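Chemist: First to last, the sequence lines map onto chains A and B.
Using this note's numbering, read the first sequence as starting at 1 and increasing by one per residue.
Using this note's numbering, read the second sequence as starting at 1001 and increasing by one per residue.
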Amino acid sequence: MTTMDEKLSAYLDNMLPEDERAALESLIAASPELAARLEALALANADFIGHAASIDAVPLSEGLQRQMDALRSAASGGGRSNITAFRKRSAPGRFFNDHRALAACAAIGAGFFAWQAVVPTSDLPSPGAIDSGGLIIAESPLGRMFAAAPSEAAVPLGEGEHGRVRFTFASADGGWCRLADVEASGVATRIVACESGGDWRMMMAAYAGPADRSGTDIYRTASTHAVINVEALLDTLMADAPLAPEEELAQINTGWRQSPTIP
Amino acid sequence: MTASKDDLHLAILDAAPHVRRFAFSLCRDAAEADDLVQTTIERVLSKGVPEGTDMKRWMFRLCRNLWIDGLRARSVRTEALPDLSLAATESSSAETEAADRMMLSRTEAAMQAMPAAYRDVLALVAVGGSSYKEASDILEVPVGTVMSRLARARAMLADATGYAA
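Shown next as structure tokens:
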């Protein structure tokens, strides 16, 4: 017999058939307890992934480094240069040390390589702009914002809703990603989306409840674990520091066709 | 032959960072994970890969099997020399200390307490990106078992970290 935890777990892995997925989303929408349980499982999952990714910050052992250098040297001798190296992490690491507030929001969804829905997509901002697989509809205002808005430009997305891309960065797998904030009815949602073949796909959604406007940052400070989850996601995803405005504009103007050069 | 060797090297380089994370999620020790990755790469280089096999999946499988072999060997050593084994655990290298500092303590404690059967399946699916069918093949258990172990593993972590109300 399949338990509810098993269903929720399979939902996180995108392993439910479409009809079961839709039925479960209806149940989640109607049950705060079920939504809370899903969130707990998702956060635990994100912690596990974040913990595994934390080894990226540990230098390779001498033996493994030698082995990787030898492989790289042998491969480059064959005239190929598209090698995925262990990622250099200093630039984005420095960036996030200097911009802690950017990551201070509560995660409701986190996936490192594929979007994992944690709340029904109807609860995300810009209803109808994101499909159940995380694809941002290109023709929607949200889709147009990700494809064409420069960072920090305020973009109206609908009634009482506006968005702002915060920055653009090269992802570890050689694509482009953008982090944007969307605010509607006092709820701020942060979205990380990545471009692939002309489409933008959501990798993560994070939200803060009604904005606390007493400070300079609209995001509430979240629990340590939530901050770690968001930081772990971005730190894993980012191959380099965010693009400078002129670099970003060049990509917007060419439709994101030029692959990033990862240091 | 040269071209296929280049492809093999490139595929290994491409998969290695993912395998390293996978190894770390199994071992929970950075130095041990690197040793495991190194042995996995040596095994791929010496034995090759069946044609049409996805390198990352293949390396995950090898890595896990090597890790289990290591556990068995360690178990034998521990039974034979309990005092030496204890002493080895108490001494810590610089790498281990660096890894310890960065660990998320509650998650780490929960992972330490989690039975290997649950941690393995979570590592394969959540870290390795394996489908349930692939995890089922690698672990040689039914898909239903993969599903239930995943749910149980996440529930254990959620309970231990305080996410579950």
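Each residue gets a CB set at the ideal place from its N, CA and C atoms; glycine is no exception.
These numbers come from a predicted model, not from an experiment.
Could you name the residues of the same chain whose beta carbon sits closer than 6 Å to that of residue 1120/B, not counting the 5 residues immediately before and after it, in chain order?
Modeler: So no residue of the chain qualifies.
Chemist: Hey, which unbroken runs of the beta strand (DSSP E) at 3 residues or more fall wholly within the stretch 1023 to 1055 of chain B?
Modeler: Qualifying beta strand (DSSP E) stretches: none in this window.
Chemist: For my contact list, residue 1019/B and residue 1040/B are in at a C-beta cut-off of 8 Å; report their separation, rounded to the angstrom.
Modeler: 6 Å between Cβ atoms; contact.
Chemist: In chain order, what residues of the same chain lie with their CB nearer than 7 Å to the CB of residue 66/A, ignoring the 5 residues before and after it?
Modeler: Contacts found: none.
Chemist: For residue 163/A, count neighbouring C-beta atoms within 10 Å of its own C-beta (all shown protein chains included) and say buried if the count is 16 or more, exposed if not.
Modeler: It is buried - the Cβ of residue 163/A has at least 16 other Cβ atoms within 10 Å.
Chemist: Do the stretch 1142 to 1154 of chain B and the stretch 22 to 32 of chain A make contact, defined as three or more Cβ pairs closer than 8 Å?
Modeler: Cβ pair count under 8 Å is below three, so no.
Chemist: Taking the beta strand (DSSP E) that residue 181/A belongs to, which residues open and close that run?
Modeler: Note, residue 181/A: beta strand (DSSP E), 176 to 184.
Chemist: Under the DSSP definition of a beta bridge, which residues are partnered with residue 195/A?
Modeler: 200/A.
Chemist: Given 8 Å as the limit, is there contact between the stretch 232 to 252 of chain A and the stretch 167 to 183 of chain A, that is, 3 or more CB pairs closer than that?
Modeler: Yes, the stretch 232 to 252 of chain A is in contact with the stretch 167 to 183 of chain A.
Chemist: Inspect the CB distances between the stretch 1020 to 1031 of chain B and the stretch 47 to 59 of chain A and report whether three or more fall short of 8 Å.
Modeler: With the cut-off at 8 Å, the stretch 1020 to 1031 of chain B and the stretch 47 to 59 of chain A touch.
Chemist: Have a look at the DSSP bridge pairing and note the partners of residue 130/A.
Modeler: Answer is 136/A.
Chemist: Measure the alpha-carbon distance for residue 198/A versus residue 1109/B and round it to whole angstroms.
Modeler: So the two alpha carbons sit approximately 42 Å from each other.
Chemist: Determine the DSSP secondary structure at residue 145/A, reduced to helix, strand or coil.
Modeler: Note: residue 145/A maps to helix in three-state DSSP.
Chemist: Looking at chain A, which residues of the stretch 1116 to 1133 of chain B have a Cβ within less than 8 Å of any of its Cβ atoms?
Modeler: Flagged, chain order: 1122, 1123, 1125, 1126, 1127, 1129, 1131 and 1132.
Chemist: Applying a beta-carbon distance threshold of less than 7 Å, which residues of chain A neighbour residue 1012/B?
Modeler: By Cβ distance, chain A contributes 71.
Chemist: Kindly indicate which three-state DSSP category residue 43/A falls into: helix, strand or coil?
Modeler: Of the three classes helix, strand and coil, the one that applies to residue 43/A here is helix, per DSSP.
Chemist: If you measure from the beta carbon of residue 3/A to each beta carbon in chain B, is any gap under 8 Å?
Modeler: At least one chain B Cβ lies under 8 Å of residue 3/A.
Chemist: Decide if the stretch 34 to 49 of chain A is in contact with the stretch 1153 to 1162 of chain B; the criterion is three or more beta carbon pairs, one per stretch, under 8 Å apart.
Modeler: Enough Cβ pairs lie closer than 8 Å, so yes.
Chemist: Please check if any C-beta of chain B sits within less than 8 Å of the C-beta of residue 243/A.
Modeler: Not closer than 8 Å to any Cβ of chain B, the Cβ of residue 243/A fails to qualify, so no.
Chemist: In or out: residue 102/A buried (at least 16 other Cβ within 10 Å) or exposed?
Modeler: Because the pLDDT at residue 102/A is just 34, under 50, the model does not fix this residue reliably, and the value given afterwards should be weighed accordingly. With 16 or more Cβ atoms within 10 Å of its Cβ, residue 102/A is classed as buried.
Chemist: Is it buried or exposed, residue 1126/B, if we count other Cβ atoms within 10 angstroms and call 16 or more buried?
Modeler: Buried, since its Cβ has 16 or more Cβ neighbours within 10 Å.
Chemist: Provide the residue(s) that pair with residue 20/A in DSSP beta bridges, ordered along the chain.
Modeler: Its beta-bridge partners do not exist; DSSP assigns none.
Chemist: Run through the DSSP bridge pairs and tell me what residue 168/A is partnered with.
Modeler: DSSP lists 178/A as partners of residue 168/A.
Chemist: How should residue 4/A be labelled, buried or exposed, when 16 other C-beta atoms within 10 angstroms of its C-beta is the threshold for buried?
Modeler: With fewer than 16 other Cβ atoms within 10 Å, it is exposed.
Chemist: Relative to the C-alpha of residue 59/A, which candidate in 1137/B, 1009/B and 1031/B has its C-alpha closest?
Modeler: Of the listed residues, the one whose Cα sits closest to residue 59/A is 1031/B.
Chemist: Answer yes or no: do residue 12/A and residue 45/A have a C-beta to C-beta separation smaller than 8 Å?
Modeler: In this structure, residue 45/A lies closer than 8 Å to residue 12/A by Cβ.
Chemist: Could you tell me how far apart the beta carbons of residue 166/A and residue 151/A are, in whole angstroms, since I believe they sit closer than 8 Å?
Modeler: Rounded, the Cβ-Cβ distance is 6 Å, consistent with contact.
Chemist: Can a CB atom of chain A be found closer than 8 Å to the CB of residue 1019/B?
Modeler: It does not: the Cβ of residue 1019/B has no partner Cβ on chain A nearer than 8 Å.
Chemist: Taking Cβ-Cβ distances shorter than 7 Å, what residues in chain A pair up with residue 1037/B?
Modeler: What residue 1037/B touches in chain A: 64.
Chemist: In the DSSP assignment, find the unbroken alpha helix (DSSP H) run with residue 156/A in it and report its ends.
Modeler: Counting along the chain, residue 156/A falls outside any alpha helix (DSSP H), though it belongs to the beta strand (DSSP E) covering 154 to 158.
Chemist: So if DSSP puts residue 162/A in a beta bridge, which residue, or which two residues, is it bridged to?
Modeler: 156/A and 183/A, per the DSSP bridge assignment.
Chemist: Is it the case that the Cβ atoms of residue 75/A and residue 1122/B are separated by a distance below 8 Å?
Modeler: No; because the gap between Cβ atoms is not below 8 Å, this pair is not in contact.
Chemist: Taking residue 1148/B as the query, report the chain A residues whose CB atoms sit under 7 Å from its CB, ordered along the chain.
Modeler: 6, listed in chain order.
Chemist: Which residues in chain A have a C-beta closer than 9 Å to the C-beta of residue 1154/B? List them in chain order.
Modeler: Result: 5, 8, 9, 12, 40, 41, 42, 44, 45 and 48.
Chemist: Taking 8 Å as the threshold (beta carbon to beta carbon), is residue 58/A in contact with chain B?
Modeler: Closer than 8 Å: yes.
Chemist: Select from 1140/B, 1009/B and 1067/B the residue whose C-alpha is nearest the C-alpha of residue 1034/B.
Modeler: Of 1140/B, 1009/B and 1067/B, the residue nearest in Cα terms is 1067/B.
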